[in-house]
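Number of protein chains: 2
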Amino acid sequence: MRDRSPKAASYSVDVGLVTAMGNELAVLFARNSTERERWSLPWRVPQTGETLDAAAARVAQDALGEAPIWMKQVGAFGDGKRHPSDADVSVAYVGLVPHETATPHAGYTWFPMRDLPPLSPRQRAMVEATTETIQSRLDQAPIAFRLLPATFTLSELQQMYELLLGKRMHKASFRRALQAAWLVESTDAWRSEGRGRPAQLFRYAPKKRRRPHRGVRFDFLYP
Amino acid sequence: MRDRSPKAASYSVDVGLVTAMGNELAVLFARNSTERERWSLPWRVPQTGETLDAAAARVAQDALGEAPIWMKQVGAFGDGKRHPSDADVSVAYVGLVPHETATPHAGYTWFPMRDLPPLSPRQRAMVEATTETIQSRLDQAPIAFRLLPATFTLSELQQMYELLLGKRMHKASFRRALQAAWLVESTDAWRSEGRGRPAQLFRYAPKKRRRPHRGVRFDFLYP
DNA sequence: CGAATTAGTCACTTTCTGAGACTAAAGTCA
DNA sequence: TGACTTTAGTCTCAGAAAGTGACTAATTCG
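From first to last, the protein sequence lines stand for chains B and X.
Under our numbering, the first residue of the first sequence carries the number 1, and numbering increases by one thereafter.
Under our numbering, the first residue of the second sequence carries the number 224, and numbering increases by one thereafter.
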């Protein structure tokens, strides 16, 4: 039924490569070769014996010439109808890339999250799930740190969190929590950014600490 | 290469059906027909046009004659070598079933989490990911409530949380948090369980409330 | 009846967090 | 130069949230 190509694959691995462009997040899309004016997430049909993780890493490599600093599987998507590879199921991954080192190969373009090109339903679902995965894992993995260059100011880190969480945060509270987590160490370098007092540069350097033990949380509103 | 059967499927949908048996969690396994003495998660190859969610619901239906009260996709697994269906990739789901209504059909058996039968690497990975999904979503979805019967005592609810989180909790703190969440309402029924004061029965009935807005969390220990 | 057992609540203490005010170090501009 | 603006970084306080032990209540057991 969906067999337009002689050797239709049954599943593909699609990667949502995310970076922070200026004031907003951006996703990398590939120009679709078969249907013009269509964009899709970079994808690949795994070869025999190739693991899903390896296929995802390969997709990123082909698109950027570089492996993302953090990758994670988002899930399998099979409800939509159309996919460039004619796959029944697409396994989606998210990969994070600091914008400084993110130079797409020919045929790939960054699109800001709020201005995406027209996408098929499944592609759109995968992009949405990608951002949800990022948001839900933000306190479980050093996602914000991975989107920043190796050294950064605390204001830049806070702005990244505000971008990812979509809300403003209080400076003192943010830094207090960061201190308690032993995640950054200061360098002896400072950055002067035009006006205002120069900011100290920090690097991500997590230290041993006791696991925070908290009580129950009932954070869900409805079933 | 892995084509031992004439029509090998490329992917399957496997469901980890979980219930609370007495003092511990249990998962439902199906006796493997092709390899004797082997057990596997209930699975199914989706028909053409069947969505992944629908296939997972169907698997649960076939195994228990009843739909789980809560299901969620866990992820796609493709690193192992062997699967009953010869599938390259298995899409895993988790489904929750209160033990009262959980009567397996013939060929299916509950195994307690701590005493699982021998499993292939992929099957084991799926079961582990299932429990991780449950634990990580415990504060995001009414998982514990779904494993209990329609009415329950607060002590039973707390014991379920202790089982799922693997740690003891303080009674007063637990109830204070539960009160603040507006998730249960009392019935006028009481249960006398042998000795001790009878306990009031409650039902899950979430009420409107303002979304708890918390600050940043840096809960990860290492990259 | 009194001891034991389980349910349910209270009050106290400690910790966490939001918020505003404050100091520090730069640039801008009259 | 000196007042003003801008960004960085710190301090402190008040209110909320969470850990803890002790208390009362209602039942069974002997």
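By construction, the Cβ of each residue, glycine as well, lies at the ideal position given by its N, Cα and C atoms.
Since this is a predicted model, take the numbers as computed values, not measurements.
message: By the DSSP assignment, the beta strand (DSSP E) with Pro112(B) in it spans what residues?
response: First-last of the beta strand (DSSP E) with Pro112(B): 108-112.
- prompt: Can the beta-carbon of Val89(B) be found closer than 8 angstroms to that of Tyr234(X)?
  reply: Yes; because the gap between Cβ atoms is below 8 angstroms, this pair is in contact.
field: Proximal residues of chain X, C-beta to C-beta of Thr51(B) below 9 angstroms
entry: Within 9 angstroms Cβ-Cβ: Gly301, Asp302.
- prompt: Touch check for the stretch 269-282 of chain X and the stretch 352-360 of chain X: three-plus C-beta pairs under 8 angstroms?
  reply: Flag = no, the stretch 269-282 of chain X and the stretch 352-360 of chain X do not touch.
message: Between Ser10(B) and chain X, is any beta-carbon pair separated by less than 8 angstroms?
response: Closer than 8 angstroms to some Cβ of chain X, the Cβ of Ser10(B) qualifies, so yes.
- request: Leaving aside the five residues before and after Leu380(X) along the sequence, list all residues of the same chain whose C-beta is less than 7 angstroms from its C-beta, in chain order.
  value: If you ignore the 5 residues before and after Leu380(X), its C-beta comes within less than 7 angstroms of the C-beta of Ala367, Leu371, all in its own chain and listed in chain order.
field: Extent of the continuous beta strand (DSSP E) run through Gln200(B)
entry: In the DSSP assignment, Gln200(B) falls within the beta strand (DSSP E) that extends over 199-204.
- prompt: Cβ atoms of Ala125(B) and Phe77(B): under 8 angstroms apart, would you say?
  reply: For the pair Phe77(B) and Ala125(B), the CB atoms are nearer than the 8 angstroms cut-off.
query: In three-state DSSP terms, what is Arg225(X)?
result: Note that Arg225(X) has pLDDT 37, beneath the 50 cutoff, so the model's placement of it is unreliable and the number below is only indicative. In this structure, Arg225(X) counts as coil in the three-state DSSP scheme.
query: Is the Cβ of Arg211(B) closer than 8 angstroms to any Cβ of chain X?
result: So yes, Arg211(B) belongs to the interface.
message: With a threshold of 8 angstroms between beta carbons, is Gly389(X) in contact with chain B?
response: Not an interface residue.
field: Neighbour-count burial assignment, Trp266(X), 16 or more Cβ in a 10 Å radius
entry: It is buried - the Cβ of Trp266(X) has at least 16 other Cβ atoms within 10 Å.
field: Same chain, Cβ closer than 8 angstroms to Ala129(B), neighbours up to 5 away in sequence not counted
entry: Around Ala129(B): Val74, Gly75, Phe77, Ala92.
- request: May I ask you to list, following chain order, the residues of the stretch 390-404 of chain X that have a beta carbon less than 7 angstroms from some beta carbon of chain B?
  value: Within the stretch 390-404 of chain X, those residues whose Cβ lies closer than 7 angstroms to any Cβ of chain B are, in chain order, Met392, Ser396, Phe397, Ala400, Leu401, Ala404.
message: Output needed for His328(X): all residues of its chain with C-beta closer than 8 angstroms, excluding positions within five of it in sequence on either side, in chain order.
response: So the qualifying residues of the chain are Asp285, Ala286, Leu287, Gly288.
message: Given this structure, state the Cα-to-Cα distance separating Asp219(B) from Ala404(X), to the nearest angstrom.
response: Approximately 8 angstroms, taken between the alpha carbons.
query: Does DSSP put Arg44(B) in a helix, in a strand, or in coil?
result: Correct three-state label for Arg44(B): strand.
message: Using a Cβ-Cβ cutoff of less than 6 angstroms, which residues in the same chain neighbour Gly95(B) once the five nearest sequence positions on both sides are dropped?
response: Closer than 6 angstroms at Cβ, skipping near neighbours: Val15, Leu17, Ala60, Pro68, Met71.
query: For Met169(B), which of helix, strand or coil comes out of DSSP?
result: Note: Met169(B) maps to coil in three-state DSSP.
task: Note down, in chain order, all residues in the stretch 357-389 of chain X with a beta-carbon under 7 angstroms from any beta-carbon belonging to chain B.
output: Per Cβ criterion, the list reads Asp362, Gln363, Ala364, Pro365, Tyr384.
query: So what's Leu240(X) in DSSP terms, helix, strand or just coil?
result: DSSP places Leu240(X) within a strand segment (E or B) once states are collapsed to three.
- prompt: Can you give the Cα-Cα distance for Arg432(X) and Leu221(B), rounded to whole angstroms?
  reply: Arg432(X) and Leu221(B): Cα-Cα distance of roughly 7 angstroms.
field: Interface flag, Pro340(X) vs chain B, CB-CB below 8 angstroms
entry: Interface annotation, Pro340(X): not in contact with chain B, CB-CB separation never under 8 angstroms.
- request: Confirm, please, whether the CB-CB distance from Thr153(B) to Gln123(B) is below 8 angstroms.
  value: No. Outside cutoff.
task: Please compile the residues from chain X whose C-beta is within a distance smaller than 9 angstroms of the C-beta of Val89(B).
output: Chain order gives the chain X residues near Val89(B) as Ser233, Tyr234, Pro269, Leu275, Ala299, Val312, Val314, where near means a beta carbon separation below 9 angstroms.
- prompt: Alpha carbon to alpha carbon, what distance is there between Thr103(B) and Met224(X)?
  reply: Low confidence applies here, because Met224(X) scores a pLDDT of 33, under 50, leaving its location unreliable; read the following figure in that light. Between the C-alpha atoms of Met224(X) and Thr103(B) there is a straight-line separation of about 38 angstroms.
message: I'd like to know whether the C-beta of Val238(X) is nearer than 8 angstroms to at least one C-beta of chain B.
response: Judged by the 8 angstroms Cβ criterion, Val238(X) is not in contact with chain B.
query: In this structure, does DSSP put Arg433(X) in helix, strand or coil?
result: In the structure shown, Arg433(X) sits in coil (DSSP, three-state: anything other than H, G, I, E or B).
Collapsed DSSP secondary structure at Phe443(X) in the structure displayed: Phe443(X) falls in the coil class under three-state DSSP.
message: Please classify Pro46(B) as buried or exposed, where buried requires at least 16 other C-beta atoms within 10 Å of its C-beta.
response: A residue is called buried when at least 16 other Cβ atoms come within 10 angstroms of its Cβ; Pro46(B) meets this threshold and is buried.
query: Which residues in the same chain have their Cβ closer than 8 angstroms to the Cβ of Glu24(B), if we skip the five residues on either side of it in sequence?
result: Excluding sequence neighbours, Glu24(B) sits near Pro112, Met113, Arg114, Leu163.
query: Using a Cβ-Cβ distance under 8 angstroms, would Gly318(X) count as near chain B?
result: No, Gly318(X) does not count as interfacial toward chain B.
query: For chain B, is any of its Cβ atoms less than 8 angstroms away from the one on Asp309(X)?
result: Judged by the 8 angstroms Cβ criterion, Asp309(X) is not in contact with chain B.
task: Compute the distance between the beta-carbons of Phe174(B) and Val250(X), then report whether it is under 8 angstroms.
output: No.
task: Taking the CB atoms as reference points, tell me whether Thr19(B) and Pro98(B) lie closer together than 8 angstroms.
output: Contact: yes.
- request: Express the C-alpha separation of Leu264(X) and Tyr331(X) in angstroms, rounding to a whole number.
  value: Their backbone Cα atoms lie some 9 angstroms apart in a straight line.
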